[in-house]
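Chains as they are written, first to last, in our numbering: chain A, 1 to 99; chain B, 1 to 131; chain C, 1 to 119.
Below is one structure; the comments refer to it alone.
In structure tokens, the structure reads:
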């Protein structure tokens, strides 16, 4: 299953709720303001790194770039473009947007 | 509402639809408009589950009085879900605990699940729509 | 693959409609089909032809219309949500139509995936 999170982890609890309910081996794609969570020094970084042991973590590159965060992405996070976003949706049987 | 009558897309396909409610009522419209989708989905004879997590558990609280804010009280609709054959209502234990709520506080009978059980339920769905 | 899209927020205030548009356009470029986009909640506000954003900004409603014209995407605006927000047939941009929630449920039943974009 693909989980999509779009809100900043310092503003909303959606990333935390998502990580609590994503089963082992699922993919989590961070888009829009959620991409701040996968940058060095963010308060969510430790949570992302811990989650990366069981989950595949992706972040949308154009959203990172638009926020000046391209150079600060945590190790172990896969940066994808919109094509990669489409592929993730196609590869997984279902997706859930944590609005 | 005529839209609530039996509907059929002609495909004969039955999918597992989960409606994940994570938001409190009234502050935003999502709970109310989300309920409308749930009722229509049931009219298509699909396999519907409703899940309440995070602030979504507040949607089910008893003793609501909306007269003072002059909006519709749609909490009674949750009690009518039975009539639409929507019987799978789940709430998240942790979300209830974090808000000081127990099953006694809720307007309908629900099944309380742990985060792990909820995760497995979600993973087996065909469609998950979150409001 | 057939990919359905649900948009729950209006243009400009939220990024949802922009992200959805770029997702849809890319999916079509990659050979998938996007047979229908469903607009719900404040998402119905994407459908108005009366919006006139500055020339150096994107025109959210018009680019959906263009995608619909070029690739046969059915742009469906929820009738109940539209009526609450003053969206009627008179204000619709080309390619949009107003219909019931059943159109959303059909997307879930018939398509391979349903992707939601919102707040």
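Heads up, the beta-carbon is just placed ideally off N, CA and C, and yes, glycines get one too.
Since we're looking at a predicted model, the values are computed, not measured.
- Secondary structure note for residue 15 of chain A: it is in no beta strand (DSSP E), and the uninterrupted alpha helix (DSSP H) holding it is 14 to 21.
- Taking 8 angstroms as the cut-off, the Cβ atoms of residue 22 of chain C and residue 117 of chain C do not count as close.
- Around residue 7 of chain B, the beta-carbon contacts reaching into chain C at under 7 angstroms are 102.
- Between residue 98 of chain A and residue 17 of chain A, the beta carbon gap of about 6 angstroms places them in contact (Cβ cut-off 8 angstroms).
- Leaving aside the five residues that flank residue 65 of chain C on each side, the residues in its chain whose CB is nearer than 6 angstroms to its CB run, in chain order, 93, 94 and 95.
- Residues of the segment 70 to 91 of chain B whose Cβ lies closer than 8 angstroms to any Cβ of chain C: none.
- Counting along the chain, the unbroken beta strand (DSSP E) around residue 3 of chain A starts and ends at 2 to 5.
- Identification of chain A residues near residue 93 of chain B by a Cβ-Cβ cut-off of 9 angstroms yields none; the smallest Cβ-Cβ distance measures about 11 angstroms.
- Taken in chain order, the members of the segment 22 to 43 of chain B whose beta-carbon sits within less than 9 angstroms of a beta-carbon on chain A are 22, 23 and 30.
- Two segments are said to touch when three or more pairs of C-beta atoms, one from each, lie closer than 8 angstroms; by this definition the segment 63 to 74 of chain A does not touch the segment 65 to 76 of chain C.
- Between the alpha carbons of residue 103 of chain C and residue 64 of chain A lies a distance of about 34 angstroms.
- The criterion of a C-beta distance shorter than 8 angstroms is not satisfied by residue 46 of chain B and residue 28 of chain C.
- Here residue 93 of chain A is exposed: its Cβ has fewer than 16 other Cβ atoms, across all protein chains shown, within 10 Å.
- When DSSP assignments are scanned along the segment 52 to 113 of chain B, the uninterrupted stretches of alpha helix (DSSP H) that are 4 or more residues long and fall wholly within it turn out to be 75 to 80 and 93 to 98.
- Secondary structure at residue 67 of chain C: helix, using DSSP grouped into helix, strand and coil.
- Interface with chain A (8 angstroms Cβ-Cβ cutoff): residue 22 of chain C is included.
- Annotated as distal: residue 36 of chain C and residue 10 of chain C, with beta-carbon spacing of 8 angstroms or more.
- The shortest CA-to-CA distance from residue 86 of chain C to any of C/107, C/60 and C/50 is the one to C/50.
- Residue 105 of chain B and residue 61 of chain B have their C-alpha atoms some 6 angstroms from each other.
- In the displayed model, residue 61 of chain C falls within a helix according to three-state DSSP.
- Collapsing the DSSP output to three states places residue 33 of chain A in a helix.
- Beyond the five residues adjoining it in sequence on each side, residue 62 of chain A comes within less than 8 angstroms, by CB distance, of 81 and 82 in the same chain, given in chain order.
- In this structure, the beta-carbon distance from residue 90 of chain B to residue 51 of chain B falls below 8 angstroms.
- For residue 74 of chain C, the enclosing beta strand (DSSP E) starts and ends at 74 to 78.
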